[in-house]
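A.B. asks:
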Amino acid sequence: MIALLDCNNFYASCERVFRPDLIRKPIIVLSNNDGCVIARSDEVKKMGIKMGTPIFKIRNLISENDISIFSSNFALYGDISRRIMKILQNTVFDLEIYSIDEAFIDFMYKTDIEYESLNLVCKILQWTGIPVSIGISSTKTLAKIANHFAKKVSRNNILFLDTEKIINFYIKKIDIADVWGIGYRYARFLYSKGIYTAYDLAKKNDKWILDNMSIIGLKTVYELRGIKCFELQTSESPKKNIRNSRTFSRDTNDYNKIKKAISSFASKTAEKLRAQKCVTSSISVFINTNKYKYSNQNRKLNGKVNLKFSTNDTSIIISESLKILDEIYIPGLFYKQAGIIISDFSVVNQNQLGLFEDVSKKIKREKLMTSLDYINSTIRNESIKLASEEFENDWRVNQSNLSPAYTTRWKEILSVNI
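In numbering that gives the first Met the number 0, the protein residues as written are 0 to 417.
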């Protein structure tokens with residue numbers, strides 16, 4: 000049997016761990032620059048506030064309902080996530096960490112799975128303060144559905160879909176758009192064909208699925224029928240792309256400010272690329288105007304370059320990124336967001352040298368990047384930068400509602416008076 004463990008309203012729950020006065024009180028967590036809603040407590044969901052809602056649209060609702068607002072504190076969320084995953088690693092047979100707040104669990108050799116699940120729910124709540132839900136079934140897709148309903152119908156946040164009768168009962172109740180792997184694009188198509196629930200899809204014949212969806216769609220259907228197609232991915236594979244972007248606290252037409260931001264993003268993506276021992280051959284840069292403020296100037300500008308030689312060298316990635324910025328930047332427009340995406344990765348030791356690549360220079364640059372990473376990781380993060388990044392941070396994110404880093408910074412550890 001496979002289980003999906005999901006932390007309930009994870010970001011909001013993390014904030015509540017150190018603010019027990021906010022239990023059963025409405026909480027919103029905001030995106031970078033405090034721009035829009037990315038997490039909600041159950042109390043906020045009941046008010047009808049949707050994910051992605053810009054904060055300026057709900058100011059009155061926030062004040063009327065005394066909603067507590069938090070800037071996204073990813074240092075805190077990441078640390079609590081690591082603690083939860085460590086508990087799982089020390090408890091279950093096998094584990095796939097699916098996201099910051101989700102993990103698939105293999106309960107092999109466990110005879111009483113519901114009892115083991117209840118132990119996990121209680122242990123994680125006691126050790127971390129985070130409430131979790133667990134959905135259990137024979138496949139990943141069914142475990143996802145079980146978890147979806149565990150939060151709604153189960154008193155102990157655990158739901159076990161183990162018989163055909165129970166499985167059919169719940170897959171008849173779940174909208175096709177909420178099925179793992181379907182998504183809203185496929186859902187719209189399936190609606191047009193009279194398929195509204197997971198049960199409707201599971202009953203379609205294999206040929207129809209292959210003709211209208213894909214082999215992945217067919218595997219999803221098999222999983223809905225209780226046939227396992229997706230195994231646990233227990234080893235972490237390198238990311239297929241790395242994106243780094245920010246929304247500016249104020250719209251800007253200052254080219255130098257955008258240039259510094261792109262340089263910093265390029266530096267961080269290069270560092271992440273080296274950390275996973277990969278090189279890239281493709282760099283994309285984008286800058287967007289504020290669609291809410293300048294409807295007549297709503298522009299999404301982007302450019303891409305394919306490199307002659309794959310690299311993870313910070314200076315090369317910054318240089319190429321700034322060339323793209325020069326090509327796409329339009330003077331006079333006010334920009335709200337900028338970012339960089341690198342893709343087309345290959346592993347360092349599996350990457351072939353280019354025919355005209357200077358090997359000795361490449362080796363020297365690799366040593367320089369190794370030294371750069373060592374100094375920045377052991378002495379102080381961002382101790383050494385390239386000149387184009389500069390040390391000013393006037394473009395950086397606005398986090399006016401940021402909670403302390405309770406678990407990762409000595410100066411911000413919660414103090415208790417006895």
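The beta carbon of each residue, even a glycine, is placed where N, CA and C say it ideally should be.
Which complete beta strand (DSSP E) runs does the region 10 to 91 hold, if anything under 3 residues is left out?
C.D. replies: Fully enclosed beta strand (DSSP E) runs of 3 or longer: 26 to 29, 36 to 39 and 67 to 70.
A.B. asks: Could you spell out where the beta strand (DSSP E) holding Glu101 opens and where it closes?
C.D. replies: On the sequence shown, residue 101 is found 102 positions in, with the first residue counted as 1. Residues Glu101 to Asp105.
A.B. asks: Taking only runs of the alpha helix (DSSP H) that begin and end inside the region 234 to 264, which ones reach a length of at least 4 residues, in chain order?
C.D. replies: Whole alpha helix (DSSP H) segments, 4+ residues: zero.
A.B. asks: On the three-state DSSP scale, how would you describe Cys228?
C.D. replies: Position 229 of the sequence shown holds residue 228. Coil at Cys228, not helix or strand.
A.B. asks: Just list the residues that DSSP pairs Asn481 with in beta bridges.
C.D. replies: Nothing can be reported for residue 481, as the shown portion of the chain is limited to 0 through 417.
A.B. asks: Any idea which residues DSSP pairs Cys121 with across the strands?
C.D. replies: Numbered from 1 along the sequence shown, position 122 holds the residue referred to as residue 121. According to DSSP, which records beta bridges pairwise, Cys121 is partnered with nothing at all.
A.B. asks: Report the partner residues of Gly419 according to the DSSP bridge assignment.
C.D. replies: Residue numbering for the chain in the displayed model covers 0 to 417; residue 419 lies beyond these limits and cannot be assessed.
A.B. asks: Restricting to Cα atoms, I'd like to know which of Leu158, Asn243, Ile165 and Tyr195 is closest to Ile173.
C.D. replies: Position 174 of the sequence shown, counting from 1, holds the residue named residue 173. For Ile173, the nearest C-alpha among the options comes from Tyr195.
A.B. asks: Let me know the secondary structure DSSP gives Leu413 once reduced to three states.
C.D. replies: Here residue 413 is taken as the residue at index 414 of the sequence shown, counted from 1. In the structure shown, Leu413 sits in coil (DSSP, three-state: anything other than H, G, I, E or B).
A.B. asks: If you reduce the DSSP assignment to three classes, tell me which class Asp5 lands in.
C.D. replies: Residue mapping note: residue 5 aligns to position 6 of the sequence shown, counting from 1. Looking at Asp5 - three-state DSSP - the assignment turns out to be strand.
A.B. asks: Under 8 Å by Cβ, that's how I've got Arg245 and Ala337 pegged, so tell me the actual separation to the nearest angstrom.
C.D. replies: Walking along the sequence shown from the start, residue 245 turns up at place 246. Walking along the sequence shown from the start, residue 337 turns up at place 338. With a Cβ gap of about 7 Å, Arg245 and Ala337 count as contacting.
A.B. asks: Taking just the CA atoms, how far does Gly216 sit from Ile22?
C.D. replies: In the sequence shown, residue 22 corresponds to position 23, counting from 1. In the sequence shown, residue 216 corresponds to position 217, counting from 1. C-alpha separation (whole angstroms): 41 Å.
A.B. asks: Decide if Thr268 is buried, meaning its Cβ has at least 16 other Cβ atoms within 10 Å, or exposed.
C.D. replies: Taking the sequence shown and counting its residues from 1, one reaches residue 268 at position 269. By the 10 Å Cβ count, Thr268 comes out buried.
A.B. asks: Would you report the Cα separation of Asn72 and Ser402, rounded to the nearest angstrom?
C.D. replies: By 1-based counting over the sequence shown, the position of residue 72 is 73. By 1-based counting over the sequence shown, the position of residue 402 is 403. Taking the straight line from one Cα to the other gives about 7 Å.
A.B. asks: To the nearest angstrom, how far is it from the Cα of Cys35 to the Cα of Asn118?
C.D. replies: Within the sequence shown, residue 35 is the residue found at index 36, counting from 1. Within the sequence shown, residue 118 is the residue found at index 119, counting from 1. Near 36 Å, if we compare the C-alpha coordinates of Asn118 and Cys35.
A.B. asks: Output needed for Leu3: all residues of its chain with C-beta closer than 6 Å, excluding positions within five of it in sequence on either side, in chain order.
C.D. replies: Position 4 of the sequence shown holds residue 3. The answer, listed in chain order, is Phe103, Gly134, Ala142, Lys143 and Asn146.
A.B. asks: Let me check understanding here. Comparing Cα to Cα, which of Lys139, Ile340, Phe308 and Asp78 lies closest to Ile323?
C.D. replies: Here residue 323 refers to the residue found at position 324 when the sequence shown is read from its first residue. Here the closest residue by C-alpha is Ile340.
A.B. asks: Between the C-alpha atoms of Arg224 and Cys6, what's the straight-line distance to the nearest angstrom?
C.D. replies: Residue 224 sits at position 225 when you count from the first residue of the sequence shown. Residue 6 sits at position 7 when you count from the first residue of the sequence shown. Taking the straight line from one Cα to the other gives about 26 Å.
A.B. asks: Given this structure, state the Cα-to-Cα distance separating Asn311 from Phe247, to the nearest angstrom.
C.D. replies: Taking the sequence shown and counting its residues from 1, the one referred to as residue 311 is at position 312. Taking the sequence shown and counting its residues from 1, the one referred to as residue 247 is at position 248. When rounded, the distance between both Cα atoms is 27 Å.
A.B. asks: Who are the Cβ neighbours of Lys24 in its own chain at under 7 Å, not counting the five residues just before and after it?
C.D. replies: As a position in the sequence shown, residue 24 is number 25, starting the count at 1. Contacts found: Glu42 and Ser67.
A.B. asks: To the nearest angstrom, how far is it from the Cα of Ser98 to the Cα of Lys192?
C.D. replies: Counting from 1 along the sequence shown, the entry for residue 98 is found at position 99. Counting from 1 along the sequence shown, the entry for residue 192 is found at position 193. One C-alpha to the other measures close to 32 Å.
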